[in-house]
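According to the numbering used here, the stretch in the sequence shown is residues 10 to 573, in order. All C-beta atoms in this analysis are idealised placements derived from N, C-alpha and C, irrespective of residue type, glycine included. These figures come from a predicted structure and were not determined experimentally.
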Amino acid sequence: MEVREAPPVPATDTGPVAPPVIGRPRWLPHALALLLVLLAVTAIGGRDHGWTPDDGAYALQVDALDRTGGWAWPYPHADIDPDLRHVPFTHGVVTEEGAAYPYVKLPAWILVLRASTWLFGDGFGLYVPSLLGVLAAALVAWHLARRFDPDAAPWAFWATGVGALLVEGTAMWAHSAAAALAGVAAITVIDAAGGRRARVLRLAAVLAVLVLLRREGLLVAAATVAVLGVVGLGGPGGPLDRVRRAAWLTAAPTVAVVAAHLGNARWVDRIAPGTAVADGEFSSGVRYLEGRFSGAGNSLLYGAGEYRLGRLLAVAAIVFVAGAGFLLFRRRDVGAATVAAVTGLALMALRSLVVAPFDLAGLFVASPLLVVAAFGVRRSDLDRRVVAAGAWAATFAGAVLLTQYPEGGAWDWGGRFFLPLLIPAVVGSVIVWRRALASAGPGDRRRIASLAVALVVVPTLLGLYATTALRAEFRQATDDAVATGAPHVIRTPRFIARTSWSEIPDGDWMAASTPADVEALLAGLRRSGAGPVAVVGSIAVEVDAPGWDREVVSPTVVVFTPDP
10 MEVREAPPVP ATDTGPVAPP VIGRPRWLPH ALALLLVLLA VTAIGGRDHG
60 WTPDDGAYAL QVDALDRTGG WAWPYPHADI DPDLRHVPFT HGVVTEEGAA
110 YPYVKLPAWI LVLRASTWLF GDGFGLYVPS LLGVLAAALV AWHLARRFDP
160 DAAPWAFWAT GVGALLVEGT AMWAHSAAAA LAGVAAITVI DAAGGRRARV
210 LRLAAVLAVL VLLRREGLLV AAATVAVLGV VGLGGPGGPL DRVRRAAWLT
260 AAPTVAVVAA HLGNARWVDR IAPGTAVADG EFSSGVRYLE GRFSGAGNSL
310 LYGAGEYRLG RLLAVAAIVF VAGAGFLLFR RRDVGAATVA AVTGLALMAL
360 RSLVVAPFDL AGLFVASPLL VVAAFGVRRS DLDRRVVAAG AWAATFAGAV
410 LLTQYPEGGA WDWGGRFFLP LLIPAVVGSV IVWRRALASA GPGDRRRIAS
460 LAVALVVVPT LLGLYATTAL RAEFRQATDD AVATGAPHVI RTPRFIARTS
510 WSEIPDGDWM AASTPADVEA LLAGLRRSGA GPVAVVGSIA VEVDAPGWDR
560 EVVSPTVVVF TPDP
């Protein structure tokens, strides 16, 4: 809490000078305003369908806990699908012993979501933790900015709160919470490098929680411990003093991270016993180096990257945005920089509104403010704190590039695996922009400020549009299946099935990826005496099942009824 001094009172013989007045924190009204924005965005977007299939994994796992008290999914068709290849979710855990789990890799987040549904209801409660993660990340950005420029704190707060994290926060992922926790880790690194007291016990707790919530938490922890070790070894004193300092900075975080990781693995083994087998369609036949390039392109630029023209527009947009940074900070040409930035934003709008809305966007397309600000960094800015933060971010980013999926974050907004470095990147960008404002004339100052706001808000609005459209697409497919009235549903392709999570628990849903798989399921259902089956998805019209009457309801919905 910040202390606001009372107006000075002259000292007298009758008593002491008036003490300081404790005022409300400066960040409080900003936090309340951002909370209202988050609630409004959630209300507009809807809560019965997600825009990422991963929402379905979380929601179905929470539902399994609520309905059965256990983690295994109650699947009624093991007799015709003994390998559990057609449960209505993918990328979960399926065991050789015949159990399927929608999401148990990091069960702590499932318990957070379940507790939230108890407090806020089944629909809204599933999204509250992610929304609060956005708010927490913005507050961490505020406190980090104060270490460099107290007046930059509100700017950093809003650039974080209504930037890429706002879009990502409308999903059930733990990425926004992970960004906030990683921001605390970055603050510890900066404090240690700057000679301030580093709160290593707090850091140990933060990293342990982060490892329990996100897989990339291990990469954040590794980067943090590595940089803190270097900071400790590079400090004043003799060799023994430096080694002791490095050990003090790294010992507790290392122990906490290892304990959290091993504890999580043991926890997963207990709640999902048995031998896990591969479940779902992962990228195959992709060489490691090729996968590094494709993953980087998707996570940093394209999002899903399914449309070639969409990829080209993403690259062109970033070229113009980078040009704006060069013109603004290297050539001091505000007019030309504005034209370049507006052109880049227009290309992003064309991509997200017309050409490839379902591709979403990677880190740089979702956060072009970072690209422009990179050109404003000066050699004189690189004190020990900034160098340490840069080393931390570079180490983490390099680890992500080396370990992420060949498809990157796929359907996401902002390069979700890179979001742990977002807070220090945004804070640094805001400080650079404020310096440009301070050195500009009145007319240019307005244009520079407007440009900064546009580079944050326009991509976010495009992201909300694209994710809302994707959510509506998934909702329509679910509604089409329910409208048939068929007691059984086969959703295709399989990785999309999870998007119907709001209807799956109360129905009888399966999933398949090829016409042959659907036909095999229909044969098994016929033997078991099942009634009509709705096949939903782009391959529905390709299915030809002997012994069934076939009614084509639409190009994506076919109802199969057993022959008399």
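{"Item": "Residues that DSSP places opposite Val542 in a beta bridge", "Value": "His497, Phe569"}
{"Item": "Spatial distance of Val229 from Pro429 (CA atoms)", "Value": "7 angstroms"}
{"Item": "Span of the beta strand (DSSP E) around Trp257", "Value": "Per DSSP, Trp257 belongs to no beta strand (DSSP E); it is in the alpha helix (DSSP H), 248 to 280."}
{"Item": "Rounded straight-line distance, which links the Cα of Phe367 to that of Arg1", "Value": "The shown model of the chain, from 10 to 573, leaves out residue 1, and the question about it has no answer."}
{"Item": "Sequence-distant residues of the same chain with beta carbon closer than 8 angstroms to Val220, five excluded per side", "Value": "Gly226, Leu227, Ala230, Val266, Ala269, His270, Asn273"}
{"Item": "Among Val363, Ala434, Tyr297, nearest to Ala478 - alpha-carbon criterion", "Value": "Val363"}
{"Item": "Beta-carbon proximity check, Pro34 vs Leu69, cutoff 8 angstroms", "Value": "no"}
{"Item": "Pro496 to Asp92 span [Cα, whole Å]", "Value": "23 angstroms"}
{"Item": "Beta-bridge pairing of Val103 - partner residues as DSSP gives them", "Value": "Ala109, Val286"}
{"Item": "Under the three-state DSSP convention, the category Ala87 falls into", "Value": "coil"}
{"Item": "6 angstroms Cβ shell around Trp510 - same chain, five flanking residues per side excluded", "Value": "Gly65, Ala68, Leu69"}
{"Item": "Identity of the residue in Val552, Pro571, Asp558 nearest Thr565 by Cα", "Value": "Val552"}
{"Item": "Any non-hydrogen atom of the ligand MN within 7 angstroms of Leu473 CB", "Value": "This structure simply doesn't include the ligand MN, nor any ligand for that matter."}
{"Item": "Three-pair Cβ contact test at 8 angstroms for the stretch 463 to 483 versus the stretch 51 to 65", "Value": "yes"}
{"Item": "Between the CA atoms of Arg76 and Asp558 - distance to the nearest angstrom", "Value": "35 angstroms"}
{"Item": "Residue closest to Glu299, alpha-carbon to alpha-carbon, out of Ala260, Tyr414, Val348", "Value": "Tyr414"}
{"Item": "C-alpha distance - Phe426 paired with Val542, whole-angstrom precision", "Value": "39 angstroms"}
{"Item": "Cβ pair Met357, Ala382 closer than 8 angstroms", "Value": "no"}
{"Item": "Inter-residue spacing [alpha-carbon to alpha-carbon] between Ile487 and Val568", "Value": "Sequence check: residue 487 is Thr here, not Ile. For Thr487 and Val568, the distance between alpha carbons rounds to 14 angstroms."}
{"Item": "As assigned by DSSP and simplified to three states, the class of Arg340", "Value": "coil"}
{"Item": "Reduced DSSP category for Asp200 - H, G, I as helix; E, B as strand; rest coil", "Value": "helix"}
{"Item": "N- and C-terminal bounds of the alpha helix (DSSP H) containing Trp401", "Value": "393 to 412"}
{"Item": "Leu336 versus Thr347 - alpha carbon distance", "Value": "9 angstroms"}
{"Item": "First and last residue of the uninterrupted alpha helix (DSSP H) at Ala481", "Value": "451 to 492"}
{"Item": "DSSP-derived helix/strand/coil call for Asp558", "Value": "strand"}
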